[in-house]
Structure formats: C-alpha cells, structure tokens
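Protein chains in written order, with UniProt numbering: chain A, 1 to 287; chain B, 1 to 287.
Below is one structure, written out as structure tokens, with a few remarks after it.
There are 2 protein chains.
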Amino acid sequence: MLWFTEYYSGEGMDLKGTGLTIKVKNALTTKTPFQEILLLDTEDFGKMLVLDGAIQTTEKDEFIYHEMIVHPALFTLGRKPERVLVIGGGDGGTVREVIKHNPEKVELVEIDREVVEFAKRELPSISCALDDERVELIFDDGREYIKGKENLYDIIIVDCSDPIGPSRVLYEEEFYKDAFKALKDDGIFVTQSESPFAQNRVHKKVVKELQKVFSIVRPYFAFIPTYPSGMWSFTIGSKILDPLTVNPEKLLGKVSNLEKSAGKLKYYNSQIHYGAFAVPNFIYEEE
Amino acid sequence: MLWFTEYYSGEGMDLKGTGLTIKVKNALTTKTPFQEILLLDTEDFGKMLVLDGAIQTTEKDEFIYHEMIVHPALFTLGRKPERVLVIGGGDGGTVREVIKHNPEKVELVEIDREVVEFAKRELPSISCALDDERVELIFDDGREYIKGKENLYDIIIVDCSDPIGPSRVLYEEEFYKDAFKALKDDGIFVTQSESPFAQNRVHKKVVKELQKVFSIVRPYFAFIPTYPSGMWSFTIGSKILDPLTVNPEKLLGKVSNLEKSAGKLKYYNSQIHYGAFAVPNFIYEEE
C-alpha cells in the first residue's frame with residue numbers, strides 16, 4: 001500500500017512536526033527546470049497535484065480554493081471585467097473561475113510551462129478553460145512581467161506557491177506597488193495569503209505589506225482540507241471598491257446570473273461573500 | 001522519533017485513506033471501562049487528548065472548538081443563564097467557556113469519570129473550571145439523564161464524540177425530543193455536528209433530525225486544524241431565539257462586557273457570530 005505524506009516544514013511554517021498522509025493508488029512524477037511535479041491518484045481526493053512535495057490542488061477540494069480566490073474580488077468589481085491578470089495558477093483552476101465572469105481577456109503568467117502542459121493532459125476538469133480563446137498563456141516570471149505596466153488590469157490575481165524559491169518576490173511590498181500601478185483606478189488585487197494558523201507570520205506579513213500600498217485591505221478565509229491546518233486565507237488589496245460594502249441584493253442577482261450561464265458554484269455564495277471576511281481574534285493578536 | 005497518526009475511518013466517515021500525523025515527545029496511555037485514553041505531548045499542539053484513537057482536544061487549538069460550541073448559543077440567549085446542561089465534554093473546556101457567562105449552575109454529565117479525572121490532572125488549562133462551585137459533575141449516561149426532565153435548562157450543549165459506541169444515541173431524533181422538553185420556553189440546544197466535508201452524511205442527518213424537533217435550526221462552521229479535514233460544524237436548535245437576528249450593537253456590548261470580566265476570547269467575536277453561519281453550497285447539495 002502506497003501512502004504520500006506532506007510533512008509541513010520550510011520557511012514560514014510554524015508547524016514543525018505535523019503532516020497530512022493520504023493513500024495513493026498510482027503515482028506519476030516528472031522533473032522540470034523549476035520543480036518536481038508529482039501527480040497522485042488517490043482514493044479520497046481524486047487526482048492530486050504536488051509540486052516540490054507540497055499539495056497544490058486535488059480534484060475533490062480544488063473548487064474551494066479556486067472559487068474563493070476569484071469570486072469575492074470579481075463580484076466586488078461589480079461590472080464585466082475587461083482585462084484580468086493571473087500570476088501563477090498553472091493548473092488553470094483560477095482561470096476557469098475567472099472565465100465565468102465573461103472577461104474580454106485573461107492573461108495567465110506562469111513561470112513553468114510544463115505545469116500547464118501537465119495540467120492540460122492530466123487534470124482536464126481543472127485546466128479546461130486554458131484553451132478558451134480569451135485566455136493568453138505567457139510563460140514568464142510574473143514578478144518581471146508586471147514591471148512598468150500601468151492602468152491596464154481590472155483584476156490581478158496571485159495564485160502562487162509558498163514564499164520559497166521563485167514565489168518569494170510575490171510576497172513583497174515592491175511587487176505590490178507594481179501591481180497597484182498595473183491596475184486601473186477601480187482595480188482589485190487578490191492573493192492567496194497562506195494559512196493564518198500554520199503560517200501565521202507569513203500571513204500577517206502579506207496583510208501588512210499590502211496595507212502599505214492599498215487603502216482597502218481585506219483578508220478572508222476558507223476551508224481547504226488538503227492545505228496545512230485546513231484553514232486558508234486570501235487577501236484583497238483594493239483602490240476604492242470594498243468587498244464588505246457590496247450591495248447584498250445586487251450581489252444576489254449577479255451571483256444568480258453567473259450561475260445561470262456558468263453552472264452552480266459549489267462553495268461561494270452571497271452569504272459566504274460577507275461571512276468569509278469575519279476574522280477570528282487569534283490571527284492578529286499581539287505577540 | 002515517535003509519530004502518532006489518526007487514520008480517518010469508522011462509521012460515518014467519508015474519507016477512507018487519509019490521516020493526520022503528528023510528532024510526539026511523550027505518550028501516556030490508560031484504559032477505562034469505556035475507552036482508551038491516550039495523552040500525547042506534541043511539539044506543534046502541546047498536550048493532546050486522544051480517545052479510542054481519535055484526537056479530542058489539544059492545548060494549541062482547543063480554544064476554537066470550546067469557544068465555538070458555547071458562545072454563539074449563549075450570546076443568542078441574551079440574558080444571564082440560570083441553568084446550563086453539558087453532555088459529554090469531560091475535558092472541561094466547554095464548561096470553562098460557559099462559566100464566562102456567569103451562569104447560576106452548570107451540570108456536566110460525562111459517562112466516563114476517568115476522563116474528567118485525567119483532564120483535571122493532565123490538562124489544567126482546559127479543565128480549570130471543573131472545580132468551580134457552580135459546576136456539578138454527574139457521571140452518568142447523558143441520554144438517560146435527560147429523560148423525563150421538563151422546562152429546566154436555558155441551554156443544553158452536546159459535546160460528544162463521533163456516533164460510534166455510547167455517543168450514537170446523541171445523534172437521534174428521540175434524544176433531540178427529550179432535549180427540547182428539558183429546555184425552557186426560550187431555551188437553546190447546541191451540538192457539535194461533525195465535519196461537513198469528511199462526514200457529510202452524518203452532519204446532514206443531525207441537521208435533518210433537529211429540524212423535526214426545533215423550529216429554528218442553524219448549522220455553523222469553524223476551523224479546527226486537528227479534526228478530520230479541519231472543517232468542523234456545530235448546529236443550534238432553538239425554540240424562539242435565532243442567532244442570526246441577534247442585535248449587532250447589543251451583541252458587541254455583551255461580548256465586550258464578557259471579555260472585561262473573563263479575559264479576551266481568542267476566536268469568537270461579533271463578526272464571527274454572524275459569519276460562521278454562512279453555508280458553503282456543497283454541504284447541502286442534492287446527491
């Protein structure tokens with residue numbers, strides 16, 4: 001019997017002796033210039049994508065991460081998005097959710113071409129929107145790609161891995177400043193911001209750095225069973241639009257319209273839109 | 001190096017090949033007539049209480065479970081509670097949170113006396129309120145204890161283990177009917193109701209059975225990193241008082257008063273009071 005265990009460790013991780021262990025039916029590995037890709041076929045979570053030993057996404061619970069990194073910001077925008085930039089997210093799940101908002105164009109900037117090719121081949125239910133004609137795939141370093149861009153995007157989404165290796169620069173104030181410039185006047189930035197339970201210092205640093213750049217900064221939370229501790233966060237940085245002051249009735253109508261054309265969402269709804277922003281006390285307690 | 005792994009299995013568990021593995025510094029075991037008690041000293045979670053192989057509580061994250069099983073119902077009551085009944089919860093954490101509301105009397109009905117004695121000795125930060133003079137310890141079967149009682153309690157809290165063995169009867173309509181009768185006219189019932197992700201059918205059954213008995217039934221959710229999937233639920237059954245219609249300003253004042261006398265809460269606050277009731281779509285999706 002084959003078991004895969006992700007032992008939580010590495011920079012920024014508060015847990016030192018904890019892991020999630022999962023029974024595996026089949027395993028496929030490949031090495032790219034950037035990382036080791038592991039595809040596991042599991043009993044409980046379906047196919048599971050693991051990069052450098054860290055679970056990235058699984059067929060069973062990916063809908064939570066991908067819906068929650070996309071819909072709070074996109075529904076806060078309150079209008080049809082013209083141009084959306086996704087940094088990271090090579091599996092395509094984030095783009096799949098963005099497409100439901102019917103944008104004119106989505107640019108996906110992924111550093112590792114092989115992740116995209118791998119996801120297209122092995123994870124079609126997640127990568128399905130990558131072939132959409134409105135999606136441009138750019139194989140580049142997202143940190144470099146955004147430099148010098150001004151007033152271009154309605155939404156920028158950072159769907160990155162932990163702050164180790166190439167993703168480290170996506171957690172820094174200088175990057176957030178460039179993202180701010182690349183956004184339109186009512187633009188919204190959103191990034192995954194690690195586990196407030198298992199990576200508390202990293203999470204708080206993201207929020208703090210974003211507060212130096214954006215006037216409205218809103219962390220929010222979702223249950224992601226295959227990520228460390230199961231408690232995950234995302235953080236919105238916004239110029240003028242506040243997710244908390246979205247009109248509830250209008251939101252209800254917009255969600256209903258999206259579901260009519262794109263199918264039922266599985267996690268996000270208008271209750272979750274507000275409820276996810278409720279902050280448990282311990283996260284920002286003084287040390 | 002010693003590691004403890006809880007493999008998720010047993011009746012009602014949807015996961016079949018998943019576990020949480022935790023590094024252990026020291027272990028202490030004992031057997032009672034009802035179950036096997038294991039006390040682990042861990043690097044990441046401090047002391048950890050395990051009953052029959054299932055993690056019950058840890059020093060590091062117990063505050064989430066215990067605050068969340070108590071405060072939503074107690075703050076919904078909106079007045080000083082006279083008499084509170086806790087079924088299960090032999091570690092004392094639930095009673096500790098109830099005591100913060102300054103009740104006249106708390107009855108703890110725990111089937112296994114040795115769990116209480118063990119917690120008093122080994123987990124003082126959790127069991128600390130069990131010696132309070134307003135607390136009566138009753139070593140009995142909670143299912144039997146409640147039969148025939150009428151109009152006695154302001155609040156009944158079911159802090160039980162999974163629906164295997166002695167706890168099974170605490171998941172059934174007949175028990176909820178007896179609890180309804182034992183409550184006063186404005187009384188509130190609350191039970192832990194398993195993981196909506198990992199034990200979806202059991203969770204939904206609790207909600208459904210409660211709906212047969214109580215006119216107001218409200219499931220709510222919290223992050224509990226050491227429970228299966230990290231996504232946990234509680235469900236309130238209420239006669240007339242609805243947690244969702246509690247006046248936000250009054251609630252804010254009441255929480256502030258409680259914290260002045262009992263110390264800062266670590267998870268619950270007035271945002272969480274409403275936000276925790278936001279229901280992700282997938283939980284009650286038709287199959």
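Heads up, the beta-carbon is just placed ideally off N, CA and C, and yes, glycines get one too.
None of these values were measured; they are calculated from a predicted model.
Short of 6 Å in beta carbon distance, which residues of its chain neighbour Tyr145 of chain A, apart from the five on each side in sequence? Order them along the chain. Within the first sequence, numbered from 1, the residue matching residue 145 of chain A stands at position 145. Beyond the five residues adjoining it in sequence on each side, Tyr145 of chain A comes within less than 6 Å, by CB distance, of Val109 in the same chain, given in chain order.
Check the C-beta distance from Ile126 of chain A over to Arg96 of chain A and give it rounded, since I have them as a contact under 8 Å. Numbered from 1 along the first sequence, position 126 holds the residue referred to as residue 126 of chain A. Numbered from 1 along the first sequence, position 96 holds the residue referred to as residue 96 of chain A. Ile126 of chain A to Arg96 of chain A, Cβ: 7 Å. Contact.
Looking only at C-alpha atoms, which of A:Ile236, A:Val86, A:Pro228 and A:Phe221 sits nearest to Ala278 of chain A? Here the question's residue 278 of chain A lines up with position 278 in the first sequence. The option with the nearest alpha carbon to Ala278 of chain A is A:Phe221.
Contact the region 223-240 of chain A vs the region 178-198 of chain A: 3+ CB pairs below 8 Å: The region 223-240 of chain A is in contact with the region 178-198 of chain A.
Top-ranked residue by Cα proximity to Arg113 of chain A, from A:Leu74, A:Thr30, A:Asp162 and A:Pro243: As a working mapping, residue 113 of chain A is identified with position 113 in the first sequence. The option with the nearest alpha carbon to Arg113 of chain A is A:Thr30.
With a CB to CB cut of under 7 Å and the five nearest residues on each side skipped, what residues in its chain are close to Glu104 of chain A? Stepping through the first sequence from its first residue, residue 104 of chain A is reached at position 104. Once the five neighbours on either side are set aside, the close Cβ partners of Glu104 of chain A are Glu82, Arg83 and Arg134.
Output needed in chain order: residues of the region 218-236 of chain A with a Cβ under 7 Å from some Cβ in chain B. Of all residues in the region 218-236 of chain A, the ones placed with a Cβ closer than 7 Å to any Cβ belonging to chain B are Phe223, Pro225, Ser229, Gly230 and Met231, in chain order.
Write down every uninterrupted run of the alpha helix (DSSP H) in the region 174-243 of chain A whose length is 4 residues or greater and which is fully enclosed by it, in chain order. Complete alpha helix (DSSP H) runs here, min 4: 200-213.
Whole-Å CB distance - Ile156 of chain A paired with Leu183 of chain A, under 8 Å assumed: Along the first sequence, one-based indexing puts residue 156 of chain A at 156. Along the first sequence, one-based indexing puts residue 183 of chain A at 183. Indeed they touch by this definition, with Cβ atoms about 6 Å apart.
6 Å CB neighbourhood of Leu20 of chain A in its chain, flanking five on each side removed: For the purposes of this step, residue 20 of chain A is identified with residue 20 of the first sequence, where counting begins at 1. Excluding positions up to five away in sequence, the list reads Glu6.
Answer with yes or no whether the minimum CB distance from Tyr267 of chain B to chain A is below 8 Å. Within the second sequence, the letter at position 267 stands for residue 267 of chain B. Cβ-Cβ to chain A under 8 Å: yes for Tyr267 of chain B.
If I measure Cβ to Cβ from Val41 of chain B and keep anything under 6 Å in the same chain, skipping five residues before and after, which residues do I get? Translated into the one-based positions of the second sequence, residue 41 of chain B becomes position 41. It is worth fixing the name first, because residue 41 of chain B is Asp in this sequence and not Val. Leaving aside the five residues that flank Asp41 of chain B on each side, the residues in its chain whose CB is nearer than 6 Å to its CB run, in chain order, Lys25, Asn26 and Lys47.
Cβ of Lys254 of chain A versus every heavy atom of the ligand GTP: is any distance shorter than 7 Å? This structure lacks the ligand GTP, and indeed carries no ligand of any kind.
Which stretch, first to last residue, makes up the beta strand (DSSP E) that contains Ile126 of chain B? Sequence index remark: in the second sequence, residue 126 of chain B carries index 126 (1-based). Ile126 of chain B: not part of any beta strand (DSSP E); member of the alpha helix (DSSP H) spanning Pro124 to Ser127, first to last residue.
Tell me, please, which residues DSSP counts as bridged to Glu97 of chain A. Start at 1 with the first residue of the first sequence, and residue 97 of chain A comes out as number 97. Glu97 of chain A pairs with nothing; no bridge assigned.
Pair within 8 Å by beta-carbon distance, Leu241 of chain A and Leu77 of chain A: Here residue 241 of chain A refers to the residue found at position 241 of the first sequence. Here residue 77 of chain A refers to the residue found at position 77 of the first sequence. In contact: Leu241 of chain A and Leu77 of chain A (Cβ atoms closer than 8 Å).
Contact check, Val106 of chain B vs Val98 of chain B, beta carbons under 8 Å: Stepping through the second sequence from its first residue, residue 106 of chain B is reached at position 106. Stepping through the second sequence from its first residue, residue 98 of chain B is reached at position 98. Their beta carbons are under 8 Å apart, which means Val106 of chain B touches Val98 of chain B by this criterion.
Could you check if residue 316 of chain B is buried or exposed, using at least 16 other CB atoms within 10 Å of its CB as the buried criterion? Nothing about residue 316 of chain B can be read from this structure; chain B reaches only from 1 to 287.
Return the Cβ separation of Tyr268 of chain A and His71 of chain A in integer angstroms, given the expectation that the two are a contact with Cβ distance under 8 Å. Here the question's residue 268 of chain A lines up with position 268 in the first sequence. Here the question's residue 71 of chain A lines up with position 71 in the first sequence. About 4 Å; that satisfies the 8 Å criterion.
Hey, Glu150 of chain B and Glu173 of chain B are a contact pair by Cβ (cut 8 Å); roughly how many whole angstroms apart? Residue 150 of chain B sits at position 150 when you count from the first residue of the second sequence. Residue 173 of chain B sits at position 173 when you count from the first residue of the second sequence. With 8 Å as the limit, Glu150 of chain B and Glu173 of chain B do not qualify as a contact, their Cβ atoms being about 18 Å apart.
Does DSSP put Ile146 of chain A in a helix, in a strand, or in coil? Reading the first sequence from its first residue, position 146 is the one you call residue 146 of chain A. Coil, per DSSP.
Please report the distance separating the alpha-carbon of Gly92 of chain A from that of Met1 of chain A. As a position in the first sequence, residue 92 of chain A is number 92, starting the count at 1. As a position in the first sequence, residue 1 of chain A is number 1, starting the count at 1. The alpha-carbon atoms of Gly92 of chain A and Met1 of chain A are separated by roughly 31 Å.
Would DSSP call Tyr7 of chain B helix, strand or coil? In the second sequence, the residue the question calls residue 7 of chain B occupies position 7. Here Tyr7 of chain B sits in strand by DSSP.
Determine the closest residue to Cys160 of chain A out of A:Gly263, A:Glu43, A:Leu152 and A:Arg143, with distance taken between C-alpha atoms. For the purposes of this step, residue 160 of chain A is taken as residue 160 along the first sequence, with counting starting at 1. Put simply, of A:Gly263, A:Glu43, A:Leu152 and A:Arg143 the residue whose alpha carbon is nearest the alpha carbon of Cys160 of chain A is A:Arg143.
Quick one: is Ser195 of chain A buried, meaning 16 or more other Cβ sit within 10 Å of its Cβ, or exposed? By one-based count along the first sequence, residue 195 of chain A stands at place 195. Answer is buried; the Cβ neighbour count reaches 16.
Assign Tyr274 of chain B to one of three DSSP states: helix, strand, or coil. For this step, residue 274 of chain B is matched to residue 274 along the second sequence. If DSSP states are grouped into helix, strand and coil, Tyr274 of chain B belongs with the helices.
Using a Cβ-Cβ distance cut-off of 8 Å, determine whether Glu43 of chain A contacts chain B. Counting from 1 along the first sequence, the entry for residue 43 of chain A is found at position 43. By this cut-off, Glu43 of chain A is an interface position.
Say whether the region 213-231 of chain A touches the region 195-204 of chain A, bearing in mind that this needs 3 or more beta-carbon pairs closer than 8 Å, one atom from each stretch. The answer is yes - the region 195-204 of chain A touches the region 213-231 of chain A, with three or more Cβ pairs under 8 Å.
Measure from the C-beta of Pro280 of chain A to each C-beta in chain B and report whether the shortest distance is under 8 Å. If you number the first sequence from 1, residue 280 of chain A lands on position 280. In terms of beta-carbon proximity, Pro280 of chain A lines the interface with chain B, with at least one pair separated by less than 8 Å.
Which residues in chain B sit within 8 Å of Phe197 of chain A, going by Cβ to Cβ distance? Position 197 of the first sequence, counted from the first residue, corresponds to residue 197 of chain A. Under the 8 Å cutoff, chain B gives Asp61, Phe223 and Pro225.
Does Phe139 of chain B come out as helix, strand or coil in the three-state DSSP assignment? Counting from one through the second sequence, the residue named residue 139 of chain B turns up at place 139. The three-state secondary structure of Phe139 of chain B, taken from DSSP, is strand.
Between Phe45 of chain B and Thr58 of chain B, is the Cβ-Cβ spacing less than 8 Å? Counting from one through the second sequence, the residue named residue 45 of chain B turns up at place 45. Counting from one through the second sequence, the residue named residue 58 of chain B turns up at place 58. Taking C-beta atoms as the reference points, Phe45 of chain B and Thr58 of chain B count as a pair closer than 8 Å.
Neighbourhood of Ile69 of chain B by C-beta distance below 7 Å, restricted to the same chain and skipping five residues each side: One-based indexing of the second sequence puts residue 69 of chain B at position 69. For Ile69 of chain B, same chain residues with a beta-carbon under 7 Å away, outside a window of 5 residues either side, are Thr94, Ile157, Asp159, Val190, Gln192 and Phe234 in chain order.
Contacts that Leu15 of chain A makes with chain B (C-beta to C-beta distance below 8 Å): Counting from 1 along the first sequence, the entry for residue 15 of chain A is found at position 15. Result: Asp44.
First and last residue of the uninterrupted alpha helix (DSSP H) at Gly253 of chain B: By 1-based counting over the second sequence, the position of residue 253 of chain B is 253. Start and end: Pro248 to Ala262.
Just curious, the beta strand (DSSP E) that Met48 of chain B is in, first and last residue? If you number the second sequence from 1, residue 48 of chain B lands on position 48. Residues Gly46 to Leu51.
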